[in-house]
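In full-length UniProt numbering, the protein residues as written are 1 to 177. Read through the structure below, which is laid out as structure tokens, and then see the notes.
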């Protein structure tokens, strides 16, 4: 498994669904774009920004039920890509694994601050190498190392969204397919 982090959310093209953007923490620093629904994108954005609602939503309810059962989420794993559908597991403190949609699993992981990992085979099959204009990659990496991660993440997300202005959905397809 390869550790990744949520870089943000984006809409690649006006008529496309949102994608959650994951990036390898180290190594080749590949990007993985997972298409999600609009409600799931809203939940992920709220989780990423630590928004707390007056009443618990589904993600918070799941976390509370797990806690009531004496469990916590140890990590989130994106385990496979079958028929163009990503699959994920919540790995619990008791060793149990619970299958989940990646969008839900990532939102739960963000809320619980659990590590997020992707199977190497999934990255090999679906990750993309984003070519960044000269100098921008250094800026992206420097932003990730800042002491204030929330500001660094926002800045990095803004830069990446700027890069997405010139990207089309075909750029995320396998060139050998």
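The beta-carbon is built from N, C-alpha and C at its ideal position, and this holds for glycine as well. Computed from a predicted model, the values in this text were never measured in an experiment.
ask   = Is the beta carbon of residue 47 sitting closer than 8 Å to the one on residue 107?
value = yes
request  = Can you give me the Cβ contacts of residue 80 inside the same chain, cut-off strictly under 8 Å, excluding the 5 residues immediately before and after it?
outcome  = 86, 87, 119, 121, 122
query = Alpha carbon to alpha carbon, how far is residue 94 from residue 45?
reply = 29 Å
task = Go through its chain and collect everything with a Cβ distance to residue 11's Cβ below 8 Å, but skip five positions before and after it.
result = 17, 18, 19
message = For residue 103, report the span of its alpha helix (DSSP H) as first-last.
response = 102-112
key: Contact belief for residue 77 with residue 117 at Cβ below 8 Å, rounded distance in angstroms   = 5 Å
query = Hey, would you say residue 115 sits closer than 8 Å to residue 3, going by beta carbons?
reply = yes
message = Using C-beta distances below 8 Å, list every residue in its chain close to residue 147, excluding the 5 sequence neighbours before and after it, in chain order.
response = Residue placement at residue 147 is poorly supported in this model, since its pLDDT is 34, which falls under 50; the coordinates are not used for a value here.
query = Thinking just about the alpha-carbon of each residue, which of 100, 111, 127, 27 is nearest to the one in residue 52?
reply = 111
task = Would you kindly check if the distance between the Cβ of residue 105 and the Cβ of residue 92 is under 8 Å?
result = no
request  = Report yes if the CB atom of residue 128 is closer than 8 Å to the CB atom of residue 55, and no otherwise.
outcome  = no
inquiry  = Going by beta-carbon coordinates alone, are residue 103 and residue 24 separated by less than 8 Å?
reply    = no
key: Cβ neighbours of residue 72 in the same chain (closer than 6 Å, five flanking residues each side left out)   = 93
inquiry  = Pull the bridge partners of residue 35 from the DSSP assignment, please.
reply    = 19
inquiry  = For residue 66, count the other beta carbons within 10 Å of its own beta carbon; 16 or more makes it buried, fewer makes it exposed. Which is it?
reply    = buried
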